[in-house]
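Peer 1: Submitted below is the structure of interest, expressed as structure tokens.
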Amino acid sequence: MSVEISRHWRLNPQRYRLVGEECPRCGGKIFPPRDVCPYCADNEPQPSFKFSGRGEVFSYTTVHNAPEGYEDQAPYTVALVKLEEGPLVTAQLTDVSSGEVEIGMPVEMVTRKIRVQGDEGLIIYGYKFRPQLQAA
Amino acid sequence: MRDVSIIGIGQTPIGEHWDKSLRQLAYQALAAAMRDAGIERTDALYVGNMLSGEISGQSHLGALVADFAGLHGVEAVKVEAACASASAAFRQAYIGVASGLQDIAIAVGVEKMTDDVGSRVTTGLAGAADADYEVIHGISFVALNALLMRRYMYEYNLTREAFAGFAINAHSNAVHNPNAMFRKPISKEAFMRAPVVADPITLLDASPMADGAAAVVLCPTEQAREFTNNAVRVAGSAVATDTLSLHDRRDPLWLRAAELSAKKAYKQAGVGPQDIDFFELHDAFTVMSALSLEACGFAERGKGTWLAQDGEISLTGRIPITTRGGLKARGHPVGATGLYQIVEAVQQLRGEAGENQVANARFGMTQNIGGSGATIITHIFERIE
Numbered sequence: 023m024s025v026e027i028s029r030h031w032r033l034n035p036q037r038y039r040l041v042g043e044e045c046p047r048c049g050g051k052i053f054p055p056r057d058v059c060p061y062c063a064d065n066e067p068q069p070s071f072k073f074s075g076r077g078e079v080f081s082y083t084t085v086h087n088a089p090e091g092y093e094d095q096a097p098y099t100v101a102l103v104k105l106e107e108g109p110l111v112t113a114q115l116t117d118v119s120s121g122e123v124e125i126g127m128p129v130e131m132v133t134r135k136i137r138v139q140g141d142e143g144l145i146i147y148g149y150k151f152r153p154q155l156q157a158a
Numbered sequence: 003m004r005d006v007s008i009i010g011i012g013q014t015p016i017g018e019h020w021d022k023s024l025r026q027l028a029y030q031a032l033a034a035a036m037r038d039a040g041i042e043r044t045d046a047l048y049v050g051n052m053l054s055g056e057i058s059g060q061s062h063l064g065a066l067v068a069d070f071a072g073l074h075g076v077e078a079v080k081v082e083a084a085c086a087s088a089s090a091a092f093r094q095a096y097i098g099v100a101s102g103l104q105d106i107a108i109a110v111g112v113e114k115m116t117d118d119v120g121s122r123v124t125t126g127l128a129g130a131a132d133a134d135y136e137v138i139h140g141i142s143f144v145a146l147n148a149l150l151m152r153r154y155m156y157e158y159n160l161t162r163e164a165f166a167g168f169a170i171n172a173h174s175n176a177v178h179n180p181n182a183m184f185r186k187p188i189s190k191e192a193f194m195r196a197p198v199v200a201d202p203i204t205l206l207d208a209s210p211m212a213d214g215a216a217a218v219v220l221c222p223t224e225q226a227r228e229f230t231n232n233a234v235r236v237a238g239s240a241v242a243t244d245t246l247s248l249h250d251r252r253d254p255l256w257l258r259a260a261e262l263s264a265k266k267a268y269k270q271a272g273v274g275p276q277d278i279d280f281f282e283l284h285d286a287f288t289v290m291s292a293l294s295l296e297a298c299g300f301a302e303r304g305k306g307t308w309l310a311q312d313g314e315i316s317l318t319g320r321i322p323i324t325t326r327g328g329l330k331a332r333g334h335p336v337g338a339t340g341l342y343q344i345v346e347a348v349q350q351l352r353g354e355a356g357e358n359q360v361a362n363a364r365f366g367m368t369q370n371i372g373g374s375g376a377t378i379i380t381h382i383f384e385r386i387e
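Chains as they are written, first to last, in this note's numbering: chain A, 23 to 158; chain B, 3 to 387.
Rendered as structure tokens:
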């Protein structure tokens, strides 16, 4: 059995809360965090920036032949989501059937189970996106 | 820097080689290339491979292949750049000879994908993407390409039918390639009703995984005549990178590394897209063919599929592509593919492509893509008059 606790633990702020960065020089919003700003190449320490979790579907597909460890979930829908602050993120869509998804659909982040590593391994939680709920 | 030429080529048929191991496949291609060049020794061996560690539980391929080939003591390393591994190995061999450090160098690409038939192969291929931010979400390599294709169809208002020409052309050209995996033509009707793998990608948009190995021998052009009368020179060689993740590209529908590496290769060779007689591009998925043609200057942005609809990519068209079947029909043993492309380019320039011969070919281009476009390696080859 393999144990990869630290590899996942260190990403908790990103997986649980979509914590990225804001470049102090150009103001660009960065997700996931990087040591060098992808917009202006600034390498000063960058303050954290919490993304709203709102965005829209940029593209999507359904995975039938899943990688090892995801077979039980298949078929599932994965998407590129364009966050309202700018960056694209890769994530699964949830609470929606694949036939209902379309490009441009407004979505919001929720925290869900991403992967279960067998009976004795880790349960990894993180962000997925669902259709934005309308205020009542 | 010395001018460099290819003096020997070798390849195995692509397919499911249940009875052969990784080392046997590599040796078969390597030995064929050495026989073709008439050499018995080399100064260096570069082994291109992506998945041996994940699938066969075998790392350290430089020493393994050198050992099995009886090249005792030779300098040998594995070179890895996902699906672009073989072209990366070729590039190292080219640098070795061009620099003057090595007089003869061999590049061999090998992939043994059928040693595991389960989801581990899918997992291994996904390793070309970002483990922390793409793969963790259960994305497969096919799915990444499906995201690209869906967006491409949306932005340019296309249906799946627009991509049919790429697969039909590849299959048509593979019929006469004895090393190809699928030597059967396909119809447009078959393309349109192919089963979905990851929508909108179907079985006939996607290249098949397989086992195979291909190799070439390089030496300085000024010494090439000592070995052969049909040497092919390396006119341009360039590698470029882009963000590892598809989601980090500000313009996901533009293969920036393809544009960069092609421009560098054109400049070195002193040619432009209009001078290229055929193009072995990386048609792992039909959408990649369109993106590659656009980024390399053969089609305007968003119009890559037009070439496939107008017959411009056929053997007698303006820019013949996948002339021996491409990844789609010749097969895609991932870490070996780049050297199959190069071997096929050499065959064309030697006039040894048989029924698939492109008439009077002088300049041939190959392009090998790692991941969803993060490593792109472009080479231009020239027939020596």
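C-beta atoms are modelled at their ideal positions from N, C-alpha and C, and glycine is treated no differently.
(1) Could you name the residues of the segment 64-75 of chain A whose beta carbon sits closer than 7 Å to any beta carbon of chain B, in the order they occur along the chain?
(2) What does Tyr92 of chain A touch in chain B if you count any residue whose Cβ is under 7 Å from its own?
(3) Relative to the C-alpha of Thr44 of chain B, which residue among B:Ser61, B:Phe383 and B:Glu77 is closest?
(4) Name the residue from A:Gln154, A:Ile52 and A:Phe73 whose alpha carbon lies nearest to the alpha carbon of Asp64 of chain A.
(5) Kindly list, in the order they appear in chain C, the residues whose Cβ is closer than 7 Å to that of Val111 of chain A.
(6) Is it right to say Tyr38 of chain A is buried, meaning 16 or more other beta carbons lie within 10 angstroms of its own, or is it exposed?
(7) For Gly148 of chain A versus Leu105 of chain A, is the C-beta distance shorter than 8 Å?
(8) Can you name, in chain order, every residue of its own chain whose Cβ lies under 8 Å from the Cβ of Glu302 of chain B, other than the five neighbours on each side?
(9) Which same chain residues end up closer than 7 Å to Cys45 of chain A when comparing Cβ atoms and leaving out the 5 residues on each side of it in sequence?
(10) Give the residues of chain B in contact with Ser81 of chain A, contact being defined as C-beta atoms less than 7 Å apart.
(11) Determine, using beta-carbon pairs with one atom in the segment 186-204 of chain B and one in the segment 225-235 of chain B, whether at least three such pairs fall under 8 Å.
(12) On the criterion of 16 or more Cβ atoms from any shown chain inside 10 Å, does Cys48 of chain A qualify as buried, or is it exposed?
(13) What is the DSSP secondary structure of Arg385 of chain B, reduced to helix, strand or coil?
(14) Indicate whether at least one CB of chain A lies closer than 8 Å to the CB of Ser121 of chain B.
(15) By DSSP, does Pro161 of chain A sit in helix, in strand, or in coil?
(16) Based on Cα-Cα distance, which residue from B:Val241, B:Gln225 and B:Glu136 lies nearest to Pro89 of chain A?
(17) Please list the terminal residues of the continuous alpha helix (DSSP H) segment that includes Arg146 of chain B.
(18) For Ala310 of chain B versus Gly167 of chain B, is the C-beta distance shorter than 8 Å?
(19) Less than 8 Å between the C-beta atoms of Cys298 of chain B and Ala259 of chain B, yes or no?
(20) Where does Pro275 of chain B fall in DSSP's three states?
(21) Return the CA-CA distance between Glu66 of chain A and Gly50 of chain B, expressed in angstroms with no decimal places.
Peer 2: Checking against the coordinates, here is how it stands:
(1) none
(2) Position 70 of the first sequence, counted from the first residue, corresponds to residue 92 of chain A. The answer, in chain order, is Gly140.
(3) Against the second sequence, residue 44 of chain B aligns to sequence position 42. That would be B:Glu77, whose Cα lies nearest to the Cα of Thr44 of chain B.
(4) In the first sequence, the residue the question calls residue 64 of chain A occupies position 42. Of the candidates A:Gln154, A:Ile52 and A:Phe73, the one whose C-alpha sits nearest the C-alpha of Asp64 of chain A is A:Ile52.
(5) Checking the listed chains, one finds no chain C in this structure; the protein chains it contains are A and B.
(6) As a working mapping, residue 38 of chain A is identified with position 16 in the first sequence. It counts as exposed.
(7) As a position in the first sequence, residue 148 of chain A is number 126, starting the count at 1. As a position in the first sequence, residue 105 of chain A is number 83, starting the count at 1. Contact flag unset, no.
(8) Counting from 1 along the second sequence, the entry for residue 302 of chain B is found at position 300. Only Glu296 meet the Cβ criterion.
(9) Start at 1 with the first residue of the first sequence, and residue 45 of chain A comes out as number 23. Once the five neighbours on either side are set aside, the close Cβ partners of Cys45 of chain A are Ile52, Cys59, Tyr61, Cys62, Asp64 and Gln68.
(10) Translated into positions along the first sequence, residue 81 of chain A becomes position 59. Under the 7 Å cutoff, chain B gives Leu149, Arg152 and Arg153.
(11) Contact fails: fewer than three Cβ-Cβ distances are below 8 Å.
(12) Your numbering for residue 48 of chain A matches position 26 in the first sequence. Exposed, because fewer than 16 other Cβ atoms sit within 10 Å of the Cβ of Cys48 of chain A.
(13) Here residue 385 of chain B is taken as the residue at index 383 of the second sequence, counted from 1. In the structure shown, Arg385 of chain B falls within a strand segment according to DSSP collapsed to helix, strand and coil.
(14) Your numbering for residue 121 of chain B matches position 119 in the second sequence. At least one chain A Cβ lies under 8 Å of Ser121 of chain B.
(15) Nothing about residue 161 of chain A can be read from this structure; chain A reaches only from 23 to 158.
(16) Looking up residue 89 of chain A in the first sequence gives position 67. Minimum Cα distance to Pro89 of chain A is reached at B:Glu136.
(17) Counting from one through the second sequence, the residue named residue 146 of chain B turns up at place 144. Sequence check: residue 146 of chain B is Leu here, not Arg. It spans Phe143 to Glu157 - the alpha helix (DSSP H) in which Leu146 of chain B sits, taken as one unbroken run.
(18) As a working note, residue 310 of chain B is residue 308 in the second sequence. As a working note, residue 167 of chain B is residue 165 in the second sequence. Their beta carbons are under 8 Å apart, which means Ala310 of chain B touches Gly167 of chain B by this criterion.
(19) In the second sequence, the residue the question calls residue 298 of chain B occupies position 296. In the second sequence, the residue the question calls residue 259 of chain B occupies position 257. Taking 8 Å as the Cβ cut-off, Cys298 of chain B and Ala259 of chain B do not qualify as a contacting pair.
(20) Residue numbering aside, residue 275 of chain B sits at position 273 when the second sequence is read from its first letter. In the structure shown, Pro275 of chain B sits in a helix (DSSP, three-state: H, G or I).
(21) The sequence position of residue 66 of chain A within the first sequence is 44, counting from 1. The sequence position of residue 50 of chain B within the second sequence is 48, counting from 1. Roughly 37 Å separates the two Cα atoms.
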